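Numbering (the numbering used here), first residue to last: 34 to 357.
We put the beta carbon where it would ideally sit given N, CA and C, even for glycine.
Computed from a prediction, not measured in an experiment: that's the story for all the values here.
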Amino acid sequence: MANARLTAIGMAVPQKQITNAYFESFLETTDEWIVSRTGIKTRYHTESDEFTSDLCVKAIQNLQATYPEVNLNGVDMILVSTVTPDQPMPSVACRLQYKLSLPQAGALDVYAACAGFSYAIVLAKGLISAGTHRKILVFGAETLSKITDFTDRTSCMLFGDAAGVVLVEADETGNVGECITGASGEGGPDLYLSGFTTEIDGQPLKMNHTIVQNGRKVFKWAVTKVAEQMPILAAKNGLTMDEIDWFVPHSANLRIIEAICNETGFPLDKTLESIVDFGNTSSASIPLALYQGVVKGKVKKGDKIMIIGFGGGLAYAGTVITWG
Ligand SMILES: CC(C)(COP(=O)(O)OP(=O)(O)OC[C@H]1O[C@@H](n2cnc3c(N)ncnc32)[C@H](O)[C@@H]1OP(=O)(O)O)[C@@H](O)C(=O)NCCC(=O)NCCS
Numbered sequence: 034m035a036n037a038r039l040t041a042i043g044m045a046v047p048q049k050q051i052t053n054a055y056f057e058s059f060l061e062t063t064d065e066w067i068v069s070r071t072g073i074k075t076r077y078h079t080e081s082d083e084f085t086s087d088l089c090v091k092a093i094q095n096l097q098a099t100y101p102e103v104n105l106n107g108v109d110m111i112l113v114s115t116v117t118p119d120q121p122m123p124s125v126a127c128r129l130q131y132k133l134s135l136p137q138a139g140a141l142d143v144y145a146a147c148a149g150f151s152y153a154i155v156l157a158k159g160l161i162s163a164g165t166h167r168k169i170l171v172f173g174a175e176t177l178s179k180i181t182d183f184t185d186r187t188s189c190m191l192f193g194d195a196a197g198v199v200l201v202e203a204d205e206t207g208n209v210g211e212c213i214t215g216a217s218g219e220g221g222p223d224l225y226l227s228g229f230t231t232e233i234d235g236q237p238l239k240m241n242h243t244i245v246q247n248g249r250k251v252f253k254w255a256v257t258k259v260a261e262q263m264p265i266l267a268a269k270n271g272l273t274m275d276e277i278d279w280f281v282p283h284s285a286n287l288r289i290i291e292a293i294c295n296e297t298g299f300p301l302d303k304t305l306e307s308i309v310d311f312g313n314t315s316s317a318s319i320p321l322a323l324y325q326g327v328v329k330g331k332v333k334k335g336d337k338i339m340i341i342g343f344g345g346g347l348a349y350a351g352t353v354i355t356w357g
């Protein structure tokens, strides 16, 4: 049976950097409040004519520059995790199949918000293990600034735009381990983006087509759920948490990461984050954090890396990757 090996990684952010001072200019907030409550110092926003597929193309260019030996010929599937596609149809994955000239590739968008990149890795592993596909591009990419409510001071400073991408290939041994997936669907009303229906479970939705969240409820759910799942995921991979070299949770808020570490006793200095420089980039946040860890030389060959994505749904997924 073939196994899944993550062989290359890349990322991209738009040009326009947004500091906390930007929010001070039109909201009752301060840099001090934003940094102390979220850890975020900067994030990047796309221009009005710049979309998720554009960031994905830049992320691929970055992957190819970082790994010049990588050849995209033979990519047979493109998975794109996003809640901010250029448009609902065609999918971002189909746009990329065209833009990247990958004639043999199937194309599918995955819709699982901040858990989406981890879910897409689970899918890529499944397709490779099933023997139906051998070379898969997995993107986590968002333009959250396009669905941000800039009148909501409790959420608008959180979100950023970015794309991350990894190449997952079939080989004998693989390096993508056992996975977890799950959801707490009853938490749907706590984090949503309105669409067609005007209610969830009898609760009226704010129909403003921007992200609406109950920050405190999401915060508590994230800390409790991720802290509960970490040892379960480690055990599924035959490991204890002491044997995990790097923990890469979704970068929703630095305080969530700190709270998870407090709860589990996992050392904060063995976590990788992308929240401080890039904000909450939803499904892009894990590949961004991992890429930074790799290019800064923190992540070494053979390191056991636990990733766990969590967010809107509410949903979560994770796996353990042995680097190299
Ligand atoms: C959004 C979040 C940063 C808010 O932090 P918090 O510590 O929970 O803050 P609260 O909402 O309790 O607000 C505390 C106070 O700060 C105020 N406040 C809120 N936003 C503010 C801002 N941008 N600037 C200044 N003050 C602000 C509130 O009005 C409140 O004031 P009050 O005590 O007088 O009522 C935090 O709840 C969070 O990050 N939650 C998770 C959100 C998330 O990650 N979502 C995506 C999941 S994938």
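field: Paired residues, beta bridge with V282 - DSSP
entry: Looking at the sequence provided, one finds Pro at residue 282 rather than Val. Within the DSSP secondary-structure output, P282 pairs in a beta bridge with I341.
- prompt: Around the C-beta of T63, are 16 or more other C-beta atoms found within 10 angstroms, so that it is buried, or is it exposed?
  reply: Counting Cβ neighbours within 10 Å, T63 comes out exposed, since fewer than 16 surround it.
field: Separation of Q94 from A203, as counted between CA atoms
entry: The alpha-carbon separation between A203 and Q94 amounts to approximately 22 Å.
field: Three CB pairs or more closer than 8 Å across the segment 68-86 and the segment 134-143
entry: Counting Cβ pairs under 8 Å, fewer than three are found: no touch.
query: Does DSSP put A216 in a helix, a strand or coil?
result: Here A216 sits in strand by DSSP.
CB-CB length for P47 against D194, believed under 8 Å: Rounded to whole angstroms, the Cβ separation of P47 and D194 is 5 Å, and the two are in contact under 8 Å.
- prompt: Which same chain residues, not among the five before or five after Y324, have their C-beta less than 6 Å away from its C-beta?
  reply: Closer than 6 Å at the Cβ level, and outside the excluded window around Y324, lie I42, M44.
task: Can you tell me which of the three DSSP states S307 falls into?
output: Coil, per DSSP.
message: Can you determine whether any heavy atom of ligand 1 sits closer than 7 Å to the C-beta of R70, and answer yes or no?
response: Under cutoff, so the answer is yes.
query: How about K337 and E276: do their beta carbons lie closer than 8 Å?
result: Contact check for K337 against E276 passes: the beta carbons are separated by less than 8 Å.
message: Counting C-beta neighbours from all protein chains within 10 Å, is the total for I244 16 or more, i.e. buried, or is it exposed?
response: By the neighbour-count rule (16 or more Cβ atoms within 10 Å), I244 is buried.
task: Taking only the alpha-carbon atoms, compute the straight-line gap between G357 and G210 and give it to the nearest angstrom.
output: Rounded to whole angstroms, G357 to G210 spans 13 Å at the Cα level.
task: Just the C-alpha distance for T184 and L60, rounded to the nearest angstrom, thanks.
output: Roughly 8 Å between the two C-alpha positions.
- request: Quick one: using the 10 Å Cβ neighbour count with 16 as the cut-off for buried, is P282 buried or exposed?
  value: The residue in question, P282, is buried, as its Cβ has 16 or more Cβ neighbours within 10 Å.
task: Take G173 as the anchor and find which of C89, F192, N270 has the nearest alpha-carbon.
output: C89 is the residue among C89, F192, N270 whose C-alpha sits nearest the C-alpha of G173.
- request: Flag this pair as touching only if the segment 248-268 and the segment 346-355 have three or more C-beta atom pairs under 8 Å; answer yes or no.
  value: Touching, per the Cβ criterion.
- request: Kindly indicate which three-state DSSP category A41 falls into: helix, strand or coil?
  value: Strand, per DSSP.
query: Comparing the CB of Q97 with every heavy atom of ligand 1, is any distance shorter than 7 Å?
result: Answer for Q97: no, Cβ out of range of ligand 1.
Proximal residues to Y152 (C-beta, below 8 Å), its chain only, five neighbours per side dropped: Short of 8 Å from the beta carbon of Y152, and not among the five residues preceding or following it, lie these beta carbons of its own chain, in chain order: S114, V143, A145, T214, G342, A348, A350.
Under 8 Å between C-beta atoms of L105 and L135: The answer is yes: Cβ separation under 8 Å.
- request: Compute the minimum distance between the beta carbon of A285 and the heavy atoms of ligand 1, and state whether it is under 7 Å.
  value: Yes, the beta carbon of A285 sits closer than 7 Å to at least one heavy atom of ligand 1.
field: Buried versus exposed, by CB contacts within 10 Å (16 or more), Q236
entry: Counting the other CB atoms within 10 Å of its CB gives Q236 a total below 16, which places it among the exposed residues.
- request: With a threshold of 7 Å, establish whether the CB of M190 neighbours any heavy atom of ligand 1.
  value: For M190, the distance from the CB to the nearest heavy atom of ligand 1 is below 7 Å.
query: Near S318, which residues of its chain fall below 6 Å by C-beta distance, leaving aside the five closest residues on each side in sequence?
result: Excluding residues up to 5 positions away in sequence, H283, S284, S307 lie with their Cβ nearer than 6 Å to the Cβ of S318 in the same chain.
- prompt: With burial defined as no fewer than 16 other Cβ atoms inside 10 Å of the residue's Cβ, what is the status of S315: buried or exposed?
  reply: Under a 10 Å Cβ-count criterion, S315 is classified as buried, with 16 or more other Cβ atoms of the shown protein chains found around its own Cβ.
- prompt: Any chance the CB of F172 is under 7 Å from a heavy atom of ligand 1?
  reply: F172: no, Cβ never under 7 Å from ligand 1.
message: So, for E291: in the same chain, excluding its five sequence neighbours on each side, which residues have a beta-carbon less than 8 Å away from its beta-carbon?
response: Answer for E291: L301, listed in chain order.
message: Just verifying my parser: in three-state terms, what is the DSSP assignment at V251?
response: Per DSSP, reduced to three states, the secondary structure at V251 is helical.
message: Could you check whether the Cβ of I180 sits closer than 7 Å to any heavy atom belonging to ligand 1?
response: No, the Cβ of I180 stays beyond 7 Å of every heavy atom of ligand 1.
- prompt: At what residue ranges does the segment 73-160 contain a whole run of the beta strand (DSSP E), taking only runs of 3 or more?
  reply: Within the segment 73-160, the complete beta strand (DSSP E) runs of at least 3 residues are 75-78, 110-114, 139-143.
- prompt: Could you give the residue range of the alpha helix (DSSP H) that holds V46?
  reply: It is not in any alpha helix (DSSP H) - V46 carries neither H nor E in the DSSP assignment.
- request: State the CB to CB distance for the pair S217 and K258, rounded to an integer number of angstroms; the pair is presumed to be in contact (CB under 8 Å).
  value: Rounded to whole angstroms, the Cβ separation of S217 and K258 is 7 Å, and the two are in contact under 8 Å.
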